[in-house]
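Protein chains in written order, with this note's numbering: chain A, 1385 to 1621; chain B, 1023 to 1345.
Report on the following structure.
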Ligand SMILES: Nc1ncnc2c1ncn2[C@@H]1O[C@H](COP(=O)(O)OP(=O)(O)OP(=O)(O)O)[C@@H](O)[C@H]1O
Ligand SMILES: [Mg+2]
């Protein structure tokens, strides 16, 4: 089932075209890797999908509905969840309360997972009663994921979820992504392409606001345009 | 709310009920007229404070209109009583008038973030005074008197009951998902929206609920004073009291406004004796001191070292809240 369908989505900030005519789709049960160098427009694309601001042109369909003009909270109620690259915890609330704040998607059939279980799933059991403002960056990254999952989403947008995590924590989170994907679609933005690519079913590479390559992970790995875009960073791989 | 959450608030609810019963039965114990009046004003300040706390303490949107909202409730109730309405209907009318006022203010300004709401409430506070001074229905600048004087026990018991209900309401809210969502709005509206929280609607809804409480306080107070002068009823003092009570005692907690009201009423009485003209100056200084040295208010400030001392981890919802 197609969850997400973007057509020619464009966003300008003043003179800068942050996202220029991006079209892509995500189906249930797949993990789509979204890669690209700094400033490629990945986070802006997430903001457009999640409804932080409307696109200047193009359309966004989600779960069979045109959501192009829908505010963020309505999209979340439809089952669109996202994490923030720069974490945005409710600092004065506990980790548990951060998770409890989430409103489950409308028509959610699975009974709301208890906050304790969601926190355990991201390895934050034992931190449930800590003030979110007192958690480390790696913990906050994982709290973002637990909080997003508390909405029982159909589609999960993860913006650099591995940044700030230890190797072990990152491996655990990627294992969680694999466990989750039977139930939902996942888009994952990561700079650590090498670590992330193995869990991806497909990958899209952006540069300068446009998609420069897309396809199976193996094809992406060897695509000359991608290697050029990542020159100095990933070219050696 | 879950059974566990209910168990954590039960002692608080029992304490509130016991204190309210005690306050309501003061006349039966032969308490002096003075003591009864003092308790009445304590209850009045608690209701005003909890009503402000519900909106501004929880969501962080500072209101200067709670005095005017209470004033609307007072005027509507007294006008309805004079038109021959039964007391419950007149009280309901008072609440409704406040809710209508809050809806206009909120619907026009809560779409925006930041100070737009605060300015809208200030504007409303002043506008209400101007209109009530001019309106023939409200008796103009000369004010309005309640024609059939009711026994004082009625507004007294009513105010105590409102204080208990409002405090219990905040106590339960603080431990509910709804309360957590309001705090989430205070912390980060974009993150709240990303979690499916309808931020604008929720702010507007809670502002209207908060106005209903302010309106009820005003309505009961209208029955208590039995005469309304626009310059008193819509004086910004009432709005400042509604704000000072939780800010001093502790915002987004159930106990904070109770402590804040007790402190303010106590200080008010002392100043009445020693330096009546200094009232606002002292309240202002107190607010400044609180903002500078204990931004969360008195109760959380006092509770913090106790919490650090106790080695046992605290239950989730216990944090940042007063007993
Ligand atoms: N709110 C904004 N206002 C103005 N310019 C913005 C805004 N958000 C992003 N940009 C610009 O748009 C371009 C794309 O930024 P974006 O954050 O989407 O990139 P990214 O691919 O997520 O990069 P990174 O890997 O560093 O997170 C950048 O040039 C950025 O400076
Ligand atoms: Mg980014």
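Quick reminder that beta carbons are idealized off the backbone N, C-alpha and C, glycines included.
For residue 1424 of chain A, the CB falls within less than 7 Å of some heavy atom of ligand 1. Closest option to residue 1583 of chain A, judged by alpha-carbon separation, among A:1595, A:1596, A:1600: A:1600.
In terms of beta-carbon proximity, residue 1427 of chain A stays away from the interface with chain B, with every pair separated by 8 Å or more. Using a Cβ distance threshold of 8 Å, residue 1439 of chain A and residue 1410 of chain A do not count as a contacting pair. Contact with chain B is found for residue 1487 of chain A, since one of that chain's Cβ atoms lies less than 8 Å from the residue's Cβ.
The beta carbons of residue 1527 of chain A and residue 1576 of chain A sit no closer together than 8 Å.
Interface criterion not met: the Cβ of residue 1039 of chain B is under 8 Å from no Cβ in chain A. Between the segment 1041 to 1054 of chain B and the segment 1155 to 1169 of chain B, the count of Cβ pairs shorter than 8 Å is below three; the stretches do not touch. At a cut-off of 8 Å between C-beta atoms, residue 1217 of chain B counts as an interface residue with respect to chain A. Proximity to residue 1307 of chain B across B:1270, B:1326, B:1114 peaks at B:1270, based on C-alpha coordinates. For residue 1147 of chain B, the enclosing alpha helix (DSSP H) stretches over residues 1138 to 1156.
If you check the CB distance, residue 1529 of chain A and residue 1557 of chain A come in under 8 Å. Here the distance from the Cβ of residue 1427 of chain A to the nearest heavy atom of ligand 1 is below 7 Å. For residue 1240 of chain B, the uninterrupted alpha helix (DSSP H) segment begins and ends at 1221 to 1247. For the pair residue 1282 of chain B and residue 1250 of chain B, the CB atoms are not nearer than the 8 Å cut-off.
Residue-level contact by beta carbon holds for residue 1210 of chain B and chain A, with a gap shorter than 8 Å. Residues of chain A with a Cβ closer than 7 Å to the Cβ of residue 1221 of chain B are, in chain order, 1457. For residue 1544 of chain A, no chain B residue has a Cβ inside 9 Å of its Cβ, as the nearest lies near 16 Å away.
Taking all protein chains in view, the Cβ of residue 1268 of chain B is crowded by 16 or more other Cβ atoms within 10 Å, so the residue is classified as buried.
For residue 1589 of chain A, the enclosing beta strand (DSSP E) has its first and last residue at 1586 to 1591. Assignment of residue 1550 of chain A by DSSP, reduced to helix, strand and coil, places it in the coil class. Contact between residue 1224 of chain B and residue 1203 of chain B holds, with the beta-carbon distance rounding to 6 Å and staying under 8 Å.
Residue 1390 of chain A places its beta carbon 8 Å or farther from that of residue 1416 of chain A. A straight line joining the alpha-carbon of residue 1128 of chain B with that of residue 1602 of chain A spans about 55 Å. Here the distance from the Cβ of residue 1469 of chain A to the nearest heavy atom of ligand 2 is below 7 Å. Along the segment 1400 to 1483 of chain A, the alpha helix (DSSP H) occurs as fully enclosed runs of 4 or more residues at 1426 to 1434, 1456 to 1462, listed in sequence order. Counting only runs that start and end inside the segment 1150 to 1215 of chain B, there is no beta strand (DSSP E) element of at least 3 residues. Exposed is the label assigned to residue 1490 of chain A, since fewer than 16 other Cβ atoms lie within 10 Å of its Cβ.
In this structure, residue 1597 of chain A has its beta carbon at no less than 7 Å from each heavy atom of ligand 1.
Per DSSP, reduced to three states, the secondary structure at residue 1509 of chain A is coil, with no helix or strand assignment.
Per the C-alpha coordinates, the member of A:1501, A:1518, A:1563, A:1435 positioned closest to residue 1217 of chain B is A:1435. The three-state secondary structure of residue 1490 of chain A, taken from DSSP, is coil. Look at residue 1577 of chain A here: in three-state DSSP terms it is helix.
Under the Cβ criterion of 8 Å, residue 1205 of chain B is counted among the residues facing chain A. Rounded to whole angstroms, the Cβ separation of residue 1192 of chain B and residue 1294 of chain B is 29 Å, and the two are not in contact under 8 Å.
Closer than 7 Å at the C-beta level to chain B, one finds these residues of the segment 1469 to 1481 of chain A: 1472, 1474, 1475, 1476, 1477, 1478, 1480, 1481.
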